[in-house]
Ligand code: FAD
């Protein structure tokens, strides 16, 4: 069973997100990370995509490599930017031919102007429709707990998300730091009659340096959380900050799982440490690994 919709129907899923390496050094780091995370037995893994020709090749190579040389269930991200409709159809067909059954259909963010074709699909929902028309895919979409930054207001963003998710199989959220942000999103979708699985996206904050970067990447670290990290730094330095960030992310995971989340999706940034520690703290790792870690 390798369709994510089927995995979610059978129980909670725990998944890891990676980006395709752009250099030999990044490839070495990712290979090591995969060696360390694969034994945790993730339900599936996902591979990001930027749009344009070079990114297309990198994502496809990594996804098909995983499919043929590992037991991982991969999901390819695909974005509307820097592609014509025909190119997107070609990519989807070639993914299906390669045996890829899962795709995350995204709007995407602007890429280098000269890297790719003019964008023809305005919104992710059109890519969901295209993937459905081609057939055979389990289709995920992105959800933004605080609303997408380009939306005029939260209500219209939720309306658009509900329309998109009604056509897809599941959603994965942008990272967030308070359980209520996730629960509010799920409640808003239910109000609109959409009850498809929404996987919470988890990004631990493991250094003070990354606090300002989080806002630029999608979600600001709340003041109470920054205070806890600053306090940890004052008492134990960088290692204490790291431990504190992992504890906070573990608490968040516990809270959303207890409230009924259908699993967890970890943004790994191609590093294994934090994800592995949270996985172990939550008791999700296979028994042999948990015993070894103790
Ligand atoms: P859309 O669903 O198209 O929404 C974008 C905006 O348009 C929103 O404001 C929405 O409300 C509005 N909108 C949507 N439909 C309509 C409509 N019919 N009419 C009017 N307005 C509408 N980016 C990458 O480049 N590569 C990746 O691999 C990648 N992976 C991601 C993974 C996850 C889990 C998440 C949460 C995000 C990821 N992103 C990635 C970022 C994403 O591409 C950006 O957030 C992008 O700006 C929006 O993507 P979307 O799929 O939410 O877009």
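Numbering (my numbering), first residue to last: 12 to 305.
Every residue gets a Cβ at the ideal spot worked out from N, C-alpha and C, and that includes glycine.
In terms of residues, what are the limits of the beta strand (DSSP E) holding residue i?
i	result
residue 85	85-90
residue 157	Note, residue 157: premise wrong, no beta strand (DSSP E); not H, not E.
residue 75	Element bounds for residue 75: not the beta strand (DSSP E) but the alpha helix (DSSP H), 64-80.
residue 182	181-186
residue 105	Taken as a continuous stretch (DSSP letters only), residue 105 belongs to no beta strand (DSSP E), being part of the alpha helix (DSSP H) at 96-108.
Name the DSSP bridge partner or partners of residue i?
i	result
residue 15	Per DSSP, none; premise fails for residue 15.
residue 114	87 and 150
residue 278	28
residue 210	183
residue 57	28 and 86
Which residue from the options puts its Cα closest to that of residue i?
i	options	result
residue 168	151, 146, 189 and 136	136
residue 116	271, 183, 274 and 52	183
residue 90	119, 204, 280 and 232	119
residue 147	165, 173, 109 and 131	109
residue 283	17, 26 and 240	26
residue 75	20, 114 and 63	114
residue 59	198, 32 and 160	32
residue 17	149, 73 and 41	149
residue 20	288, 292 and 272	272
residue 269	293, 63 and 303	293
So is the beta-carbon of residue i under 7 Å away from any non-hydrogen atom of ligand 1?
i	result
residue 175	yes
residue 153	yes
residue 134	yes
residue 15	no
residue 94	no
residue 117	yes
residue 90	yes
residue 183	yes
Between residue i and chain C, is any beta-carbon pair separated by less than 8 Å?
i	result
residue 55	The displayed structure is made up of one protein chain only, and chain C is not part of it.
Quick one: measure Cβ to Cβ for residue i and residue j, integer angstroms, because I've assumed they're closer than 8 Å.
i	j	result
residue 14	residue 101	22 Å between Cβ atoms; not a contact.
residue 278	residue 214	4 Å
residue 29	residue 281	6 Å
Can you name the start and end residues of the alpha helix (DSSP H) that residue i belongs to?
i	result
residue 193	190-202
residue 134	Unbroken run through residue 134: none, as it is neither H nor E.
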